[in-house]
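Q:
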Amino acid sequence: MGVLNVTPDSFSDGGRWLDPAAAVAHGLQMVAEGADVVDVGGESTRPGAEPVPVDEELRRVLPVVEALAPHVRVSIDTRKAEVAEAALGAGATIVNDVSATLAPVAKAAGAGWVAMHMQGDPATMQQAPAYDDVVAEVTAFLVARAGAAGIDEVWIDPGIGFGKTLAHNLSLLRHLDRLVATGYPVLVGTSRKTFLGRLTGGAGADDRVEASVATAAWALSQGASMVRVHDVAPTVAAARLLSAP
Ligand code: HH2
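Number 109 in this note's numbering belongs to position 109 of the sequence shown; there are no gaps in the numbering.
#1: W218 to S225, Cα distance in whole Å?
#2: Please specify which runs of the beta strand (DSSP E), each continuous and at least 3 residues long, are wholly inside the region 3-73, giving them in chain order.
#3: For the candidate residues A108, E43, A92, P47, whose alpha-carbon lies nearest to that of K80?
#4: Can you tell me whether V98 is helix, strand or coil according to DSSP?
#5: Buried or exposed, going by whether 16 or more other CB atoms sit within 10 Å of the CB of A75?
#6: CA-CA distance, P47 and A123?
#7: Consult DSSP for G204 and reduce its assignment to one of helix, strand or coil.
#8: Would you call Q119 buried or exposed, if buried means 16 or more other Cβ atoms sit within 10 Å of its Cβ?
#9: If you drop the 5 nearest sequence neighbours on each side, which residues of the same chain put their C-beta closer than 6 Å to that of P63?
#10: State the Cα-Cα distance for the pair A128 and D207, rounded to the nearest angstrom.
#11: With hydrogens ignored, establish whether the beta-carbon of N5 is closer than 8 Å to any heavy atom of the ligand HH2.
#12: DSSP three-state label for D157, please.
#13: Under 9 Å between the Cβ atoms of G41 and S12?
#14: Out of T93, V154, P53, V98, which one is the CA nearest neighbour of T45?
#15: Using the C-alpha atoms, what's the distance from H71 back to T93?
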């Protein structure tokens, strides 16, 4: 799953794809590099991000979804029902839902749904994340949401970096097999995230590509079914190695 943020403020690619033509070209580039899904988002959910009004989010994502949908499977990365509905109408076929609340919208459209775990909301989630047992709590939350959804295609995602300390993120990655064992296909997004830089010294998002590919390869080797990445070409190369006969 290639990341396409049509936003001015995303932590890694903010401002790069605000022009719809540039966004579509980048989406097609990721398809050429081997992406199976392009994930279009119009609102940053990085820690401390400001919410975006519905109209503005629609204005950002709809032309891009419409232009890419004939060429590749498109997911819409949103927390808003209105945006999800409109994007499904424009050709998206998966709702990538970091709020894990939009199952009814995906269900009504016969679309796939990604349920992601987040503790709190983006404005405050990194202030004091706390769990007794992060792996058990995240797994139980996702299984409950997925089970209640009544949707054929449900993905679960531990929400790396969403209300989680470095230790929480590492625990979830180390024990990814517990999520895989639920039987739901697992999606993992580590790409370019801050916790990687804290381990490798990569200060800027662009300095975290190797660590992103390494963690994507780890996730796939543990049984994850999809990884959400900014750097499609090196991730596809790693995935091909892992699936070599
Ligand atoms: N991470 C981000 C956004 N959406 N969706 C899923 N399912 N899983 C994730 O881990 C995930 C996600 C955050 O990354 P990004 O889109 O690059 O940045 P921003 O939120 O600043 O736009």
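A virtual CB, placed ideally from N, CA and C, is assigned to each residue, including glycine.
These numbers come from a predicted model, not from an experiment.
A: Concretely, from the data shown:
#1: 12 Å
#2: 37-41
#3: E43
#4: coil
#5: Residue identity differs from the one stated: residue 75 is Ser in this sequence, not Ala. The residue is buried, with at least 16 neighbouring Cβ atoms inside 10 Å.
#6: 6 Å
#7: coil
#8: buried
#9: P20
#10: 26 Å
#11: yes
#12: strand
#13: no
#14: V98
#15: 12 Å
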